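Undergrad: Protein chains in written order, with our numbering: chain Y, 1 to 146; chain A, 1001 to 1146.
In this text, a Cβ means the ideal position worked out from N, Cα and C, and glycines have one as well.
Computed from a predicted model, the values in this text were never measured in an experiment.
Mind having a look at this structure? Questions to follow.
Number of protein chains: 2
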Amino acid sequence: MLSKMINPEDWLAALVESGFRVTTVQETLIQIFANSEYPLSAEQAWDLARQSRPQTGRATVYRMVEKLESLGLIRRVHGYQGCSLFVPTVPELMMLFICLDCGRADYLDRQPLDDLIQQSEHASGHHITDSRLQLFGACADCQQNA
Amino acid sequence: MLSKMINPEDWLAALVESGFRVTTVQETLIQIFANSEYPLSAEQAWDLARQSRPQTGRATVYRMVEKLESLGLIRRVHGYQGCSLFVPTVPELMMLFICLDCGRADYLDRQPLDDLIQQSEHASGHHITDSRLQLFGACADCQQNA
DNA sequence: TTCGTAATTGAGACTGAGTATCATTTAGCC
DNA sequence: GGCTAAATGATACTCAGTCTCAATTACGAA
């Protein structure tokens, strides 16, 4: 279901549209990020990239991650422990759930989060302009197979 | 309001109760964390510690942070950018808000978060066992002074 | 198709947060 | 006061991430 929403072709198109050149490293890395069911760190992406393209440099991967993030194509998230994992950005479905058994990411409707923000603003008097939420637990599949 | 809830004496008592010895470094660091209105990184805590106790070692600070975290007295949070800041744990008032203007932390009622979790569990079929939420924006004070 | 130019890349030096080691110091019990 | 194990500080080390720069490559222009 997620894979239908994320199209590597669109990511390449977005790069071209922003005036960047299309290279083989970029294609490789876009495939890796767009097709992963799991949040990936830059180091993990580097390992995966070198499997199909051994000469890939570390700095290139970090540069690409930065580029994809600045274009809004991937989004930095915090794993259960540690930080700096990346998942594809999915518009309108922004609340991230990560299964602690299988590690896969799922996106949930963010309406409840918008409700929470509204309630909390009202109760506290603060003006909330940004939020970081992540949910962890056992996904529906893993619960069945347990 | 927050300061009334956090008592350095209690933290020392918690250390003793867990069989740790009380040392001057520990007292210094507990004062620093318990009295800070701002989330602190270990490095920031180290800088502050050396102001009153110059010989304080870096490793000691990291060990102390680990100890305080394992005792549940402080809690690791993610700043607006970057990770690994620490704030005192406040029971029952667990939803963290950080003001992007003045940097101060505030704790909000977590009931809306519990509601969100229940709704999302119901909608997705996942079993949610843990969550990380942080809210950012302009606090009530900073809005008035703007 | 070739060429020129500037973007992109890879190798490797570098940084800075965090960890590990180990000899020295110190708290707390006798 | 003395003993012993915990705690500490100095320092070496690791590892993610950044910076630099020469070599390579994409791509528009000729």
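1. Kindly list the residues whose CB is nearer than 8 angstroms to the CB of A/Thr-1089, restricted to its own chain and excluding five residues on each side of it in sequence; keep chain order.
2. Against chain Y, which members of the region 1089 to 1103 of chain A pass a CB distance test of less than 8 angstroms?
3. Is it buried or exposed for Y/His-78, if we count other Cβ within 10 angstroms and need 16 for buried?
4. Which residues in chain Y sit within 7 angstroms of A/Gly-1125, going by Cβ to Cβ distance?
5. Relative to the C-alpha of Y/Tyr-107, which candidate in A/Leu-1040, A/Cys-1099 and A/Glu-1121 has its C-alpha closest?
6. Using a Cβ-Cβ cutoff of less than 7 angstroms, which residues in the same chain neighbour A/Tyr-1062 once the five nearest sequence positions on both sides are dropped?
7. Which of the three DSSP states, helix, strand or coil, is assigned to Y/Pro-54?
8. Below 8 angstroms, can you find three or more Cβ-Cβ pairs linking the region 121 to 130 of chain Y to the region 1030 to 1047 of chain A?
9. Could you tell me the alpha carbon to alpha carbon distance between Y/Phe-86 and Y/Met-5, rounded to whole angstroms?
10. Closest to A/Leu-1068 by C-alpha separation, out of A/Gly-1103, A/Ile-1098 and A/Ile-1032, would be which residue?
11. Could you tell me the alpha carbon to alpha carbon distance between A/Asn-1007 and A/Leu-1116, rounded to whole angstroms?
12. Buried or exposed for A/Ala-1146, going by 16 or more other Cβ atoms inside 10 Å?
13. Express the C-alpha separation of Y/Cys-83 and A/Gln-1134 in angstroms, rounding to a whole number.
14. Y/Gly-122 lies in the beta strand (DSSP E); which residues open and close that run?
15. Drop a sphere of 10 angstroms on the beta-carbon of Y/Arg-58, count the other beta-carbons inside from all chains shown, and report buried for 16 or more, exposed for fewer.
16. Strictly below 8 angstroms CB to CB, what residues from chain Y border A/Leu-1040?
17. Between the Cα of Y/Glu-27 and the Cα atoms of Y/Met-64, Y/Gln-55, Y/Ser-70 and Y/Pro-54, which residue gives the shortest distance?
18. With 9 angstroms as the threshold, decide whether the Cβ of A/Ile-1006 is near any Cβ in chain Y.
19. With a 10 Å radius around its C-beta and 16 neighbouring C-beta atoms as the bar for buried, classify A/Met-1001 as buried or exposed.
20. When you check each C-beta in the region 1037 to 1068 of chain A against every C-beta of chain Y, which residues fall closer than 7 angstroms?
21. Where does A/Ser-1036 land, buried or exposed, given buried means 16+ other C-beta within 10 angstroms?
22. Anyone know if the C-beta pair for A/Val-1025 and A/Thr-1056 falls short of 9 angstroms?
23. CB Y/Cys-102 to CB Y/Asp-141, shorter than 9 angstroms?
24. Excluding sequence positions up to five away, which residues of its chain have a Cβ less than 8 angstroms from the Cβ of A/Met-1095?
25. For Y/Gly-137, does the count of other Cβ atoms within 10 angstroms reach 16, so buried, or fall short, so exposed?
26. Could you please give the first and the last residue of the uninterrupted beta strand (DSSP E) stretch that includes Y/Phe-136?
27. Can you pull the chain A neighbours of Y/Arg-21, defined as C-beta to C-beta under 7 angstroms?
28. According to the neighbour-count rule (16 or more other Cβ atoms, all chains shown, within 10 Å of its Cβ), is Y/Ser-52 buried or exposed?
TA: By the coordinates alone:
1. Cβ neighbours of A/Thr-1089 beyond the five flanking positions: Gly-1072, Leu-1073, Ile-1074 and Arg-1075.
2. Hits within the stretch, in order: Met-1095, Phe-1097, Cys-1099 and Leu-1100.
3. Burial call: buried.
4. Going along chain Y in sequence order, the residues near A/Gly-1125 (Cβ under 7 angstroms) are Ala-140.
5. Distances from the alpha-carbon of Y/Tyr-107 to those of A/Leu-1040, A/Cys-1099 and A/Glu-1121 put A/Glu-1121 closest.
6. Only Ala-1042 meet the Cβ criterion.
7. Of the three classes helix, strand and coil, the one that applies to Y/Pro-54 here is coil, per DSSP.
8. No, because fewer than three Cβ pairs between the region 121 to 130 of chain Y and the region 1030 to 1047 of chain A fall closer than 8 angstroms, the two stretches do not touch.
9. For Y/Phe-86 and Y/Met-5, the gap between their C-alpha atoms comes out near 17 angstroms.
10. For A/Leu-1068, the closest of A/Gly-1103, A/Ile-1098 and A/Ile-1032 by C-alpha to C-alpha distance is A/Ile-1032.
11. CA-CA distance, A/Asn-1007 to A/Leu-1116, rounds to 31 angstroms.
12. Exposed, because fewer than 16 other Cβ atoms sit within 10 Å of the Cβ of A/Ala-1146.
13. So the two alpha carbons sit approximately 14 angstroms from each other.
14. The amino acid occupying residue 122 of chain Y in the given sequence is His; Gly does not appear at that position. Per DSSP, Y/His-122 belongs to no beta strand (DSSP E); it is in the alpha helix (DSSP H), 111 to 124.
15. With fewer than 16 other Cβ atoms within 10 Å, it is exposed.
16. Within 8 angstroms Cβ-Cβ: nothing; A/Leu-1040 doesn't reach chain Y, min ~17 angstroms.
17. Per the C-alpha coordinates, the member of Y/Met-64, Y/Gln-55, Y/Ser-70 and Y/Pro-54 positioned closest to Y/Glu-27 is Y/Met-64.
18. Not closer than 9 angstroms to any Cβ of chain Y, the Cβ of A/Ile-1006 fails to qualify, so no.
19. A caution first: A/Met-1001 carries a pLDDT of 48, below 50, which makes its placement in the model unreliable, though a value can still be read off. So A/Met-1001 counts as exposed.
20. Within the region 1037 to 1068 of chain A, no residue has a Cβ that lies closer than 7 angstroms to any Cβ of chain Y.
21. Classification of A/Ser-1036: buried, given that the 10 Å Cβ count is 16 or more.
22. It is a contact, given that the beta carbons lie within the stated cut-off.
23. Yes. Within cutoff.
24. Answer for A/Met-1095: Tyr-1107, Leu-1108, Asp-1109, Arg-1110, Pro-1112, Leu-1113, Leu-1133 and Leu-1135, listed in chain order.
25. Burial check for Y/Gly-137: the Cβ neighbour count within 10 Å reaches 16 or more, so the residue is buried.
26. For Y/Phe-136, the enclosing beta strand (DSSP E) starts and ends at 127 to 138.
27. Taking the beta carbon of Y/Arg-21 as reference, no residue of chain A falls within 7 angstroms; the closest one sits roughly 28 angstroms away.
28. Exposed.
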